[in-house]
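Written out below as structure tokens is the structure these notes cover.
Okay, structure coming up:
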């Protein structure tokens, strides 16, 4: 990664530290909070791996250096005051030392459940991709990969038909069930063809704000 910004202009505190929030690039889930000093920020930018500064140990540390759960950096954002960073990352495993995906897994208030939203989609897609190396007799997803592209396409077609039939004759619960089946098998197809979740999100982002007619017209010109 490179930067044209003079990072010394960031507002490090009196101890030479700046707050850094690690956020999943795909799901937008906040994974952890830590501090960086100038060297940690420079290493983060130069290696595209999240580095932080430990106040308790008074030393630099590479996230995942011992656990293997590194945070690959996709982007580093800074706020309007220049005194806080958001580090957009792709995690290779749990971010928390407890084994939890996020350090923010405990809740202080007793409010309504928080919708999981895209975090679940991202997690499922990562599992689906990981099953490509699993034993076919131990995993349904791995067995689909082993049977090849045509079998995966067959399942997508099958689940598409079941969703259509549910939409015509069933209620919301059945429709939701069939949609999840279709999404799952579509994820398998994407992973088999080497299409990542980030590419799908990027395409949605590209189309967002375009009218459907304009988007179709743009495709017709290709």
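Numbering (the numbering used here), first residue to last: 7 to 228.
For each residue, glycine too, the CB sits at the ideal point set by N, CA and C.
- Within the region 14-72, the runs of alpha helix (DSSP H) at least 4 residues long that lie entirely inside it are, in chain order, 44-53.
- A distance below 8 Å between beta-carbons, with the five flanking residues on each side excluded, links residue 23 to the following residues of its chain, in chain order: 41, 42, 43, 59 and 61.
- Collapsing the DSSP output to three states places residue 207 in a helix.
- Look at the beta carbons and you see the region 186-194 touching the region 153-166: at least three pairs across the two are nearer than 8 Å.
- Boundaries of the alpha helix (DSSP H) around residue 166: 155-175.
- Measuring C-alpha to C-alpha distances from residue 30 to each of 145, 97 and 202 identifies 97 as the nearest.
- Residue pairing for residue 78: DSSP places it in a beta bridge opposite 55 and 96.
- Ranked by Cα distance from residue 76, the options 107, 89 and 10 are led by 107.
- Beta-bridge partners of residue 90 (DSSP): 25.
- Secondary structure of residue 146 (DSSP, three-state): helix.
- Closest in alpha carbon position to residue 10, among 105, 69, 205 and 51, is 51.
- Residue burial annotation: residue 20 is exposed, with fewer than 16 other C-beta atoms found within 10 angstroms of its C-beta.
- As DSSP reads the structure, residue 83 sits in a beta bridge with 92.
- Look at the beta carbons and you see the region 140-160 touching the region 194-210: at least three pairs across the two are nearer than 8 Å.
- Boundaries of the alpha helix (DSSP H) harbouring residue 183: 178-198, taken from the DSSP string.
- Here residue 11 carries a coil assignment [DSSP, helix/strand/coil].
- In this structure, residue 13 lies away from residue 45, with their beta-carbon atoms at least 8 Å apart.
- Distance from the Cα of residue 80 is smallest, within the candidate group 8, 109 and 110, for 8.
- Taking all protein chains shown into account, residue 179 has fewer than 16 neighbouring C-beta atoms within 10 Å of its C-beta and is therefore exposed.
- When rounded, the separation of the alpha-carbon atoms in residue 185 and residue 130 is 14 Å.
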